[in-house]
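Novice:
Number of protein chains: 2
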Amino acid sequence: MARSSQTDMAVLGALSIEPMTGYALREAIRDVLGHFWSESFGQIYPTLARLEQFGHVERDPATRAYRITAAGTRHFHELLAQPIQDVPARNGLLLRLFFGRSLGIEACRALLTRSRDEARRRLAEYDEIAATVATESQHTDDAVFWQMTVSAGRHSARAAVAWADECLAVLDRFPAAAPGTDR
Amino acid sequence: MARSSQTDMAVLGALSIEPMTGYALREAIRDVLGHFWSESFGQIYPTLARLEQFGHVERDPATRAYRITAAGTRHFHELLAQPIQDVPARNGLLLRLFFGRSLGIEACRALLTRSRDEARRRLAEYDEIAATVATESQHTDDAVFWQMTVSAGRHSARAAVAWADECLAVLDRFPAAAPGTDR
DNA sequence: TCCGTCATGTAATATGTTACATGATTAG
DNA sequence: CTAATCATGTAACATATTACATGACGGA
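Chain order of the listed sequences is V and W.
Number 175 in the working numbering belongs to position 175 of the first sequence; there are no gaps in the numbering.
Here the working numbering = 1-based position in the second sequence + 183.
If you want it as structure tokens, here you go:
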């Protein structure tokens with residue numbers, strides 16, 4: 001047990017779809033899983049080295065790509081079945097808004113507008129990704145699941161937009177007070 | 184600069200509302216900010232010690248409670264104005280679902296059901312909190328902002344429920360395949 | 001040849017959690 | 001007086017990011 005099994009899971013999972021070099025792996029994680037997962041360079045290489053030691057991955061001498069082994073696949077399935085490790089909640093936007101009285105209404109408005117625009121941008125991005133997955137992977141058994149993760153992003157982004165709009169409306173009706181009026 | 188200014192922000196912010204001991208501070212952060220923020224014991228005490236060294240907080244000799252100073256309030260306002268530091272995305276549920284073909288449909292269904300029930304539970308919790316804030320803090324200038332953070336939780340939980348329902352419906356229509364059929 | 005990209009890796013640093021150690025205070 | 005809770009702190013460990021060092025390879 002122990003160790004950040006979630007990093008192992010991401011790496012083994014990516015390699016289970018297609019053998020890759022460490023470099024390509026980092027790009028795949030960033031570009032494909034990027035909406036809900038991230039791994040840094042400094043994590044990927046040591047993880048690959050460790051997985052190779054345990055015989056969970058091996059290198060193709062010709063292409064230098066890492067390939068998952070039978071043992072690695074077994075390990076991957078074990079990891080997938082493990083309970084989800086939630087990361088501690090840390091929402092910098094909500095933390096600032098909670099102290100909105102100290103931050104000042106104008107600054108809050110700016111944060112909310114920014115966050116809403118960001119969510120809208122994400123929404124457009126998800127639409128593109130969904131279209132790509134639909135055309136490129138429609139015959140894969142993976143497609144359904146990939147669409148689910150995109151859909152999660154969509155729902156979450158739509159909720160973010162609606163929430164921000166609601167908050168901005170509340171602020172508009174709010175009696176204009178001097179910013180940063182503590183105590 | 185430097186240092187986890189976000190931890191400083193949470194601590195100073197909490198103390199700006201009311202002086203507290205380190206112990207009470209941890210409880211306040213867990214119970215009040217818990218839906219969007221978390222700090223562990225091992226962070227809070229060193230942070231308080233450091234803030235005291237810099238004169239940002241001081242102790243009431245009588246009650247032992249930490250109190251924010253004028254310098255601390257200035258520092259707090261500076262921190263609030265700093266750009267939001269996003270935490271790297273790490274959604275264990277979506278990571279597993281992405282590899283749903285390997286995980287198996289039944290396990291996916293279980294994960295989704297669990298996640299939906301969890302979101303429903305959160306939804307009920309937010310309703311309670313909203314009611315509490317409405318009655319207890321309605322005359323505070325803080326109330327509007329606190330309601331916003333609760334509303335964020337509500338929107339997000341509702342989106343989570345809708346998304347999970349949608350996914351479960353998709354899986355119901357999905358041709359039952361053997362679980363864990365890799366390659 | 002020289003630049004950009006591919007590729008691998010390590011070291012320094014930051015951050016953060018958990019478990020442990022310790023003692024004061026207070027309610028029953 | 002004794003168990004529970006309040007309270008403070010540290011040490012060990014885990015995790016992760018960033019910056020740096022190094023070099024191969026292919027195309028302009």
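Every residue gets a Cβ at the ideal spot worked out from N, C-alpha and C, and that includes glycine.
Just so you know, these numbers come straight off a predicted model, no measurement behind them.
I'd like the span of the beta strand (DSSP E) that includes V:R90, first residue to last.
Specialist: As a first step, residue 90 of chain V must be located in the first sequence, where it is residue number 90. Segment: none, V:R90 is in no beta strand (DSSP E) and carries neither H nor E.
Novice: Who are the Cβ neighbours of V:A2 in its own chain at under 6 Å, not counting the five residues just before and after it?
Specialist: Walking along the first sequence from the start, residue 2 of chain V turns up at place 2. Confidence in V:A2 is poor, its pLDDT being 39 and thus under 50, which makes the residue's placement unreliable; the coordinate value appears in the next sentence. Nothing meets the Cβ criterion.
Novice: Given that a residue counts as buried once 16 or more other Cβ atoms are within 10 Å of its Cβ, and exposed if not, what is W:E275?
Specialist: Translated into positions along the second sequence, residue 275 of chain W becomes position 92. Note that residue 275 of chain W corresponds to Gly in the displayed sequence, not to Glu. Under this definition W:G275 is a buried residue.
Novice: In chain order, what residues of the same chain lie with their CB nearer than 8 Å to the CB of V:L25, ignoring the 5 residues before and after it?
Specialist: If you number the first sequence from 1, residue 25 of chain V lands on position 25. Answer for V:L25: V11, A14, L15, I44, L48, Y66, listed in chain order.
Novice: Just confirm the distance between the C-beta atoms of V:S151 and W:E349, as a whole number of angstroms; I'd bet it's less than 8 Å.
Specialist: Taking the first sequence and counting its residues from 1, one reaches residue 151 of chain V at position 151. Taking the second sequence and counting its residues from 1, one reaches residue 349 of chain W at position 166. That pair is a contact at about 6 Å.
Novice: Going by beta-carbon coordinates alone, are W:S188 and W:L234 separated by less than 9 Å?
Specialist: The sequence position of residue 188 of chain W within the second sequence is 5, counting from 1. The sequence position of residue 234 of chain W within the second sequence is 51, counting from 1. No, the Cβ-Cβ distance between W:S188 and W:L234 is not below 9 Å.
Novice: Exposed or buried, what is V:D117 when buried is set at 16 or more other beta-carbons lying within 10 Å of its beta-carbon?
Specialist: What you label residue 117 of chain V is simply residue 117 of the first sequence in a count that begins at 1. The residue in question, V:D117, is exposed, as its Cβ has fewer than 16 Cβ neighbours within 10 Å.
Novice: Tell me the start and end of each unbroken alpha helix (DSSP H) in the stretch 115-180 of chain V that is at least 4 residues and wholly inside, in chain order.
Specialist: With a minimum length of 4 residues, the continuous alpha helix (DSSP H) runs that stay inside the stretch 115-180 of chain V are 143-173.
Novice: Output the boundary residues of the beta strand (DSSP E) element that contains V:I68.
Specialist: Here residue 68 of chain V corresponds to residue number 68 of the first sequence, with the count starting at 1. Residues 66-68.
Novice: For V:L94 and W:F219, which I take to be in contact (beta-carbon distance under 8 Å), what is that distance rounded to the nearest angstrom?
Specialist: Translated into positions along the first sequence, residue 94 of chain V becomes position 94. Translated into positions along the second sequence, residue 219 of chain W becomes position 36. Indeed they touch by this definition, with Cβ atoms about 4 Å apart.
Novice: In three-state terms, what does DSSP make of V:V11?
Specialist: As a first step, residue 11 of chain V is located in the first sequence; it is residue number 11 there, counting from the start. Looking at V:V11 - three-state DSSP - the assignment turns out to be helix.
Novice: List, from N- to C-terminal side, the beta strand (DSSP E) runs of 3 residues or more that fit wholly inside the stretch 204-274 of chain W.
Specialist: Taking only runs of at least 3 residues, the beta strand (DSSP E) segments lying wholly in the stretch 204-274 of chain W are 240-242, 249-251.
Novice: Would you please verify whether the beta carbon of W:D325 is less than 9 Å from any beta carbon of chain V?
Specialist: In the second sequence, residue 325 of chain W corresponds to position 142, counting from 1. So yes, W:D325 belongs to the interface.
Novice: Under DSSP, the alpha helix (DSSP H) around V:G100 begins and ends at which residues?
Specialist: For this step, residue 100 of chain V is matched to residue 100 along the first sequence. Where V:G100 is concerned, the enclosing alpha helix (DSSP H) stretches over 100-103.
Novice: Quick one: Cα of V:A62 to Cα of V:V32, how far?
Specialist: Counting from one through the first sequence, the residue named residue 62 of chain V turns up at place 62. Counting from one through the first sequence, the residue named residue 32 of chain V turns up at place 32. If you take the alpha carbons of V:A62 and V:V32, they lie about 26 Å apart.
Novice: Beta-carbon separation of W:L295 and W:L354 under 9 Å?
Specialist: As a working note, residue 295 of chain W is residue 112 in the second sequence. As a working note, residue 354 of chain W is residue 171 in the second sequence. Yes, they are a contact pair.
Novice: How should W:T190 be labelled, buried or exposed, when 16 other C-beta atoms within 10 angstroms of its C-beta is the threshold for buried?
Specialist: Position 7 of the second sequence, counting from 1, holds the residue named residue 190 of chain W. So W:T190 counts as buried.
Novice: Kindly indicate which three-state DSSP category V:E18 falls into: helix, strand or coil?
Specialist: Position 18 of the first sequence holds residue 18 of chain V. Residue state, collapsed to three classes: coil.
Novice: Counting C-beta neighbours from all protein chains within 10 Å, is the total for W:E222 16 or more, i.e. buried, or is it exposed?
Specialist: Residue 222 of chain W sits at position 39 when you count from the first residue of the second sequence. The residue in question, W:E222, is buried, as its Cβ has 16 or more Cβ neighbours within 10 Å.
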